[in-house]
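I have placed the structure first, in the form of structure tokens, so that the comments after it can refer back to it.
Number of protein chains: 2
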Amino acid sequence: MAKAPTTRPDARPLYEQVRLILIERIQSGHWPPAAALPSEFELAAELGVSQGTVRKALDGLAEAGIVVRRQGRGTFVVEHTPQHVLFRFFSIYDETGEQVLPDSLPASVRTAAASAAERAKLGLDKGAEVIRIRRIRTRRGAPFIHETIVLPAALFPDLGKTDVPNTLYDLFQKVYGVLVAHTDERITAVAASPVDSKALDVAAGAPLLHIDRVTFDIEHRPVEWRRSTCNLRDAHYLSRLR
Amino acid sequence: MAKAPTTRPDARPLYEQVRLILIERIQSGHWPPAAALPSEFELAAELGVSQGTVRKALDGLAEAGIVVRRQGRGTFVVEHTPQHVLFRFFSIYDETGEQVLPDSLPASVRTAAASAAERAKLGLDKGAEVIRIRRIRTRRGAPFIHETIVLPAALFPDLGKTDVPNTLYDLFQKVYGVLVAHTDERITAVAASPVDSKALDVAAGAPLLHIDRVTFDIEHRPVEWRRSTCNLRDAHYLSRLR
DNA sequence: AAGTGGTCTAGACCACATT
DNA sequence: ATGTGGTCTAGACCACTTG
Numbered sequence: 000m001a002k003a004p005t006t007r008p009d010a011r012p013l014y015e016q017v018r019l020i021l022i023e024r025i026q027s028g029h030w031p032p033a034a035a036l037p038s039e040f041e042l043a044a045e046l047g048v049s050q051g052t053v054r055k056a057l058d059g060l061a062e063a064g065i066v067v068r069r070q071g072r073g074t075f076v077v078e079h080t081p082q083h084v085l086f087r088f089f090s091i092y093d094e095t096g097e098q099v100l101p102d103s104l105p106a107s108v109r110t111a112a113a114s115a116a117e118r119a120k121l122g123l124d125k126g127a128e129v130i131r132i133r134r135i136r137t138r139r140g141a142p143f144i145h146e147t148i149v150l151p152a153a154l155f156p157d158l159g160k161t162d163v164p165n166t167l168y169d170l171f172q173k174v175y176g177v178l179v180a181h182t183d184e185r186i187t188a189v190a191a192s193p194v195d196s197k198a199l200d201v202a203a204g205a206p207l208l209h210i211d212r213v214t215f216d217i218e219h220r221p222v223e224w225r226r227s228t229c230n231l232r233d234a235h236y237l238s239r240l241r
Numbered sequence: 000m001a002k003a004p005t006t007r008p009d010a011r012p013l014y015e016q017v018r019l020i021l022i023e024r025i026q027s028g029h030w031p032p033a034a035a036l037p038s039e040f041e042l043a044a045e046l047g048v049s050q051g052t053v054r055k056a057l058d059g060l061a062e063a064g065i066v067v068r069r070q071g072r073g074t075f076v077v078e079h080t081p082q083h084v085l086f087r088f089f090s091i092y093d094e095t096g097e098q099v100l101p102d103s104l105p106a107s108v109r110t111a112a113a114s115a116a117e118r119a120k121l122g123l124d125k126g127a128e129v130i131r132i133r134r135i136r137t138r139r140g141a142p143f144i145h146e147t148i149v150l151p152a153a154l155f156p157d158l159g160k161t162d163v164p165n166t167l168y169d170l171f172q173k174v175y176g177v178l179v180a181h182t183d184e185r186i187t188a189v190a191a192s193p194v195d196s197k198a199l200d201v202a203a204g205a206p207l208l209h210i211d212r213v214t215f216d217i218e219h220r221p222v223e224w225r226r227s228t229c230n231l232r233d234a235h236y237l238s239r240l241r
């Protein structure tokens, strides 16, 4: 991590290079979920930069939700517990402003060759396989969301050999080393199809919220395509814009 | 801006105090839209803090979208041009990923005593007046969004004496000194009511996206309540979660 | 008491834009 | 050439947590 010479400076600032090194170590499992990173001074000494530069890199990782910093204790890799994942990546709230915490019914899991649409969404090559998961999520015992999840089979070998948990992203992180960092959701209103009607116990033609989500890992690779159809009833999707 | 004594430190860090001072000056019109702020060193000297502390405060304002920084030029108060406002606070995109840029038909504007719901959403006292705006927005010439906008009359005197523009927030900033900083949107799917059906030229019962939005200014005061009903057709609402 | 992150300072140099 | 923000360093002290 030598300083860039004056005549030919590195294209990227130092703290950015430090950030990439740290991401690489977290992604590779060198520091597993919930592990404490070395202190700012230790990292600075090891990488040959100042403590302030390491701090700027760590602040960036904290803002991206990859790491959490606790004064007096240290810096830790985020642990995707079910609670944390729901809190962070689930945007449905009830009338009182409380977040809705759905349960999950047993899912069906199938592996197949990726369709053209699936390859496009997930950036896969021709011939790649995907895992398709279908399940119904409930709220207060009633069907609430009906969703199809598509995963690149190469990233998640043997998924489906055990039961599919309610929250997938903690499984992704702890078993497969895939750390979810952000998602894009495309939201529309749809009329309940016969299939929706049956799955969600709602009249055909009733208005439902449809969420088409692609999820990305820490290195901006797409790792999941999820389509959810929701019978919101008295709940709503919350979006905060700054 | 004296440094805090050791025995009784200020509750807020210095850069936070600087941030509040700068927000106050922007909000008061001391630095109007698009104005250049003094340089970091000038502000530091004036406020009696180091340049690094001013920088941290300015970085915070930039992240909050209150200020934009341009290397080599300076730091400027954001200017809410129609383009900027649409880009920042309008989340509907078409199938190609392009942002939808709606037009606005002539609006109806009425002033009345605030209802209980309006007082609750806008944090108004009993007896306060509101301005209610109803309008239809179009896309490619076809009705697209049907919306009701409620504003505290005290904040926007004489609004409606002239035509209501397509994008309101630049008017808010330039005429009324109200700088919009963020919004919360509650999104649901609804069946088209007879009113929706007529306004949006769509079959009764068709699924529509309903957005219930409260908008806040720089100091977190609610300044607008807007309910929009959208016939998305081939478009979608985009939400990015980090 | 020791170790961590959080704040604050002072100063150097770089990259960029304008004059 | 000058002035701006952007990066980087070195060091001090504070606030918080744990032993």
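Protein chains in written order, with numbering that gives the first Met the number 0: chain A, 0 to 241; chain B, 0 to 241. Even for Gly, the Cβ is constructed at its ideal location relative to N, Cα and C.
Of all residues in the segment 175–199 of chain B, the ones placed with a Cβ closer than 9 Å to any Cβ belonging to chain A are Ala180, His181, Thr182, Asp183, Glu184, Arg185, Ile186, Thr187, Ala188, Val189, Ala190 and Ala191, in chain order. Looking at the backbone, the Cα of Ile20 of chain B and that of Leu170 of chain B are separated by about 24 Å.
Within the same chain, Ala191 come within 6 Å of Ala205 of chain B by CB-CB distance, once the 5 residues on both sides are set aside.
With its beta carbon at least 7 Å from every one in chain B, Phe215 of chain A lies outside the interface. In chain A, no part has a C-beta under 7 Å from the C-beta of His83 of chain B; the shortest such distance is about 13 Å. With respect to the C-alpha of Leu240 of chain B, the residue from A:Asp233, A:Pro156, A:His219 and A:Ala116 having the closest C-alpha is A:His219. Taking a Cβ-Cβ cut-off of 7 Å, the neighbours of Ala63 of chain A in chain B comprise Arg241, given in sequence order. Collapsing the DSSP output to three states places Thr80 of chain B in coil. Per DSSP, reduced to three states, the secondary structure at Thr147 of chain A is strand.
Chain-ordered, the chain B residues with CB closer than 7 Å to the CB of Phe88 of chain A read Leu240.
Leu231, His235, Tyr236, Leu237 and Ser238: these are the residues of the segment 209–238 of chain A whose beta carbon lies less than 7 Å from some beta carbon of chain B, given in chain order. In the DSSP assignment, Thr110 of chain B falls within the beta strand (DSSP E) that extends over Ser107 to Ala112. Interface with chain A (7 Å Cβ-Cβ cutoff): Leu207 of chain B is included. Along the segment 18–98 of chain A, the alpha helix (DSSP H) occurs as fully enclosed runs of 4 or more residues at 39–46, 50–62 and 81–88, listed in sequence order. Under the three-state reduction of DSSP output, Phe171 of chain A falls in the helix class. By the neighbour-count definition (other C-beta atoms within 10 Å, threshold 16), His29 of chain A is an exposed residue.
For Ser196 of chain A, the enclosing alpha helix (DSSP H) has its first and last residue at Pro193 to Leu199. Counting every other CB atom within 10 Å of its CB across the protein chains shown gives Val194 of chain A a total below 16, marking it as exposed.
Judged by DSSP secondary structure, Ala180 of chain B falls within the beta strand (DSSP E) whose first and last residues are Val179 to Ala190. Annotated as distal: Phe143 of chain A and Pro81 of chain A, with beta-carbon spacing of 7 Å or more.
Leu237 of chain A has B:Arg185 as its beta-bridge partners, per DSSP. Taking a C-beta distance under 7 Å as the contact criterion, Val76 of chain A and Pro32 of chain A qualify as a contact pair.
For a cut-off of 8 Å, the C-beta gap from Ser227 of chain A to Glu146 of chain A is around 4 Å, short enough to register as a contact.
For Glu223 of chain B, the pairing in a beta bridge is given by DSSP as B:Thr214. Within its own chain, the residues whose Cβ lies closer than 6 Å to the Cβ of Leu199 of chain B, once the five positions on either side in sequence are excluded, are Pro142, His145 and Asn230, listed in chain order.
Looking at the backbone, the Cα of Tyr92 of chain B and that of His235 of chain B are separated by about 6 Å. Counting every other CB atom within 10 Å of its CB across the protein chains shown gives Thr161 of chain B a total below 16, marking it as exposed.
A check of alpha carbon separations from Val213 of chain B across B:Thr74, B:Leu123, B:Ala43 and B:His181 identifies B:His181 as the nearest. In this structure, Leu208 of chain B lies near Ala188 of chain A, with their beta-carbon atoms less than 7 Å apart. For Phe155 of chain A, the closest alpha carbon among the candidates A:Gly96, A:Ala56, A:Ala127 and A:Thr137 is that of A:Ala127.
Excluding sequence positions up to five before and after Arg54 of chain B, its CB lies within less than 7 Å of the CB of Glu39, all in the same chain and listed in chain order. Within chain B, the residues whose beta carbon sits less than 7 Å from that of Gly204 of chain A are Gly204, listed in sequence order. In this structure, DSSP gives Arg136 of chain A an extended state, which the three-state scheme calls strand. Linking Ser103 of chain A to Val163 of chain A through their CA atoms gives a straight-line distance of about 9 Å.
Looking at the backbone, the Cα of Ser49 of chain B and that of Val17 of chain A are separated by about 26 Å.
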